[in-house]
């Protein structure tokens, strides 16, 4: 895989130094006119020859087959659709897009062109998460699922003082549901599929959700997904069944040790967390593309589309509307 990286923020800084260890050749970086010095520094530090400040030139000229998109949420759709249209495979950071309609359109383009499209969501590729899936049948009938990813944001103080950054900007598809709670939705929906009903109760400041609770009715059991950027608490994920429960006390984006507790006193622990949290997902992307495993890609894409559907429904239930939603209405 010859990868072009779009964006030079925190996640790109975390990803790029490790790429060659995961069988990926970082071939080009694209920033903006404002961030070009940062892009050049990232290239210099990691032996990357090509740097761009213009996205169209990057797509037309860079010697790449796959594009990794790590820009603010509201740009995901436009950047990913351009890359797919240019014939590139795409790895787009979570959330895939601002809403379900945009996500479906990306899926349509990728399928039409026979290209690989991935949402970069670490949870789905975690060996510990797979162990949870394996253990589900041992805890009987599921009754209650709770997920809590609450982390006081390093940007929240500035937000309270009036500085609006993309993560707290409704005009840039920000908010807690689009960030921390997205991991929880992937976690729950990846195990149990689509809920029958969904709603979102949010704590709102300046038109954006700084924390909130998604409730999901699965008919025979209930799931609650809590996330906060305006307060902190220990992360905890509990799946409760009639014969026992499964416990994880690390965030969904970095699935650490998981424990099985059965009613008969049995306790089992499992931990196969990688040395670097992004390793498993990127090594999977390489394997899927190199093996031309479109079936697995499409399976994961359908999951991402379902999460986007539930996330959009939950957000709108709380009255949170993004400019991208109005764009959809204007087109329809």
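In the numbering used here, the protein residues as written are 549 to 880.
The beta-carbon is built from N, C-alpha and C at its ideal position, and this holds for glycine as well.
Bear in mind the structure is a predicted one, so any value in this text is a computation, not a measurement.
Collapsed DSSP secondary structure at residue 811 in the structure displayed = Counting from 1 along the chain shown, the entry for residue 811 is found at position 263. When DSSP states are grouped into helix, strand and coil, residue 811 belongs to the coil group.
Bounding residues of the alpha helix (DSSP H) (the contiguous stretch that carries residue 633) | Taking the chain shown and counting its residues from 1, the one referred to as residue 633 is at position 85. 624 to 633 is the extent of the alpha helix (DSSP H) around residue 633.
Residue range of the beta strand (DSSP E) that residue 552 falls in?
-> Working through the chain shown from its first residue, we reach residue 552 at position 4. Here the beta strand (DSSP E) through residue 552 covers 550 to 554.
For residue 741, which residues of its own chain have a beta-carbon under 6 Å away from its beta-carbon, when the five flanking residues on both sides are left out?
-> Here residue 741 corresponds to residue number 193 of the chain shown, with the count starting at 1. The answer is none, since no qualifying residue turns up.
Cα separation between residue 558 and residue 662?
-> Numbered from 1 along the chain shown, position 10 holds the residue referred to as residue 558. Numbered from 1 along the chain shown, position 114 holds the residue referred to as residue 662. Distance between the alpha carbons of residue 558 and residue 662 is about 31 Å.
Nearest-angstrom beta carbon gap, residue 712 and residue 769 [assumed within contact, 8 Å] = Working through the chain shown from its first residue, we reach residue 769 at position 221. Working through the chain shown from its first residue, we reach residue 712 at position 164. Actually they are not in contact, since the Cβ atoms of residue 769 and residue 712 sit about 39 Å apart, beyond 8 Å.
Would you check if there are 3 or more beta carbon pairs closer than 8 Å linking the region 706 to 725 to the region 825 to 843?
-> Because the criterion of three Cβ pairs below 8 Å is not met, the region 706 to 725 and the region 825 to 843 do not touch.
Could you tell me which residues DSSP puts in a beta bridge with residue 673?
-> For the purposes of this step, residue 673 is identified with residue 125 of the chain shown, where counting begins at 1. Bridge partners of residue 673: none, in fact.
Same chain, Cβ closer than 7 Å to residue 726, neighbours up to 5 away in sequence not counted = Translated into the one-based positions of the chain shown, residue 726 becomes position 178. Within the same chain, residue 726 has close Cβ partners 621, 643.
If we ignore side chains and look at the alpha-carbon of each, how far apart do residue 828 and residue 666 end up?
-> Position 280 of the chain shown, counted from the start, is the residue given in the question as residue 828. Position 118 of the chain shown, counted from the start, is the residue given in the question as residue 666. The straight-line gap from Cα to Cα measures roughly 14 Å.
How about the region 787 to 803 and the region 673 to 683: do they share at least three Cβ pairs that are nearer than 8 Å?
-> yes
Got a sec, what are the start and stop residues for the beta strand (DSSP E) residue 698 sits in?
-> Residue mapping note: residue 698 aligns to position 150 of the chain shown, counting from 1. From DSSP, the beta strand (DSSP E) with residue 698 extends over 690 to 698.
Verify whether the separation of the beta carbon atoms of residue 729 and residue 773 is less than 9 Å.
-> Working through the chain shown from its first residue, we reach residue 729 at position 181. Working through the chain shown from its first residue, we reach residue 773 at position 225. Yes; because the gap between Cβ atoms is below 9 Å, this pair is in contact.
Curious, which full-length beta strand (DSSP E) runs of at least 3 residues does the region 811 to 865 contain?
-> 815 to 818
Return helix, strand or coil for residue 877, following the three-state DSSP convention.
-> The residue labelled residue 877 in the question sits at position 329 within the chain shown. Only weak support is given to the placement of residue 877: the predicted model assigns it a pLDDT of 48, under 50, and the question is left unresolved by the model.
Residue 761 to residue 618, Cα distance in whole Å?
-> Within the chain shown, the letter at position 213 stands for residue 761. Within the chain shown, the letter at position 70 stands for residue 618. If you take the alpha carbons of residue 761 and residue 618, they lie about 26 Å apart.
How big is the Cα-Cα spacing for residue 653 and residue 706?
-> Your numbering for residue 653 matches position 105 in the chain shown. Your numbering for residue 706 matches position 158 in the chain shown. The straight-line gap from Cα to Cα measures roughly 35 Å.
Who are residue 665's beta bridge partners in DSSP?
-> Translated into positions along the chain shown, residue 665 becomes position 117. According to DSSP, which records beta bridges pairwise, residue 665 is partnered with 638.
Cβ of residue 731 within 9 Å of Cβ of residue 859?
-> Within the chain shown, residue 731 is the residue found at index 183, counting from 1. Within the chain shown, residue 859 is the residue found at index 311, counting from 1. No, Cβ-Cβ distance for residue 731 and residue 859 is not below 9 Å.
Distance, residue 806 Cα to residue 819 Cα = Working through the chain shown from its first residue, we reach residue 819 at position 271. Working through the chain shown from its first residue, we reach residue 806 at position 258. Cα-Cα distance, rounded: 6 Å.
Between the beta-carbon of residue 739 and the beta-carbon of residue 681, is there less than 9 Å?
-> Walking along the chain shown from the start, residue 739 turns up at place 191. Walking along the chain shown from the start, residue 681 turns up at place 133. Going by C-beta atoms, residue 739 is nearer than 9 Å to residue 681.
Kindly indicate which three-state DSSP category residue 516 falls into: helix, strand or coil?
-> Any question about residue 516 goes unanswered here, given that the chain covers just 549 to 880.
Could you pull out every residue in the same chain whose Cβ sits closer than 7 Å to the Cβ of residue 873, ignoring the five residues on either side in sequence?
-> Here residue 873 is taken as the residue at index 325 of the chain shown, counted from 1. Counting only Cβ-Cβ distances below 7 Å, and skipping sequence neighbours, we find 647.
Where does residue 564 sit, in a helix, a strand or coil, going by DSSP?
-> As a working note, residue 564 is residue 16 in the chain shown. Reduced to three states, the DSSP call for residue 564 is helix.
For residue 577, name the three-state secondary structure that DSSP assigns.
-> In the chain shown, residue 577 corresponds to position 29, counting from 1. Strand.
Tell me residue 590's beta-bridge partners as DSSP assigns them.
-> Here residue 590 refers to the residue found at position 42 when the chain shown is read from its first residue. According to DSSP, which records beta bridges pairwise, residue 590 is partnered with nothing at all.
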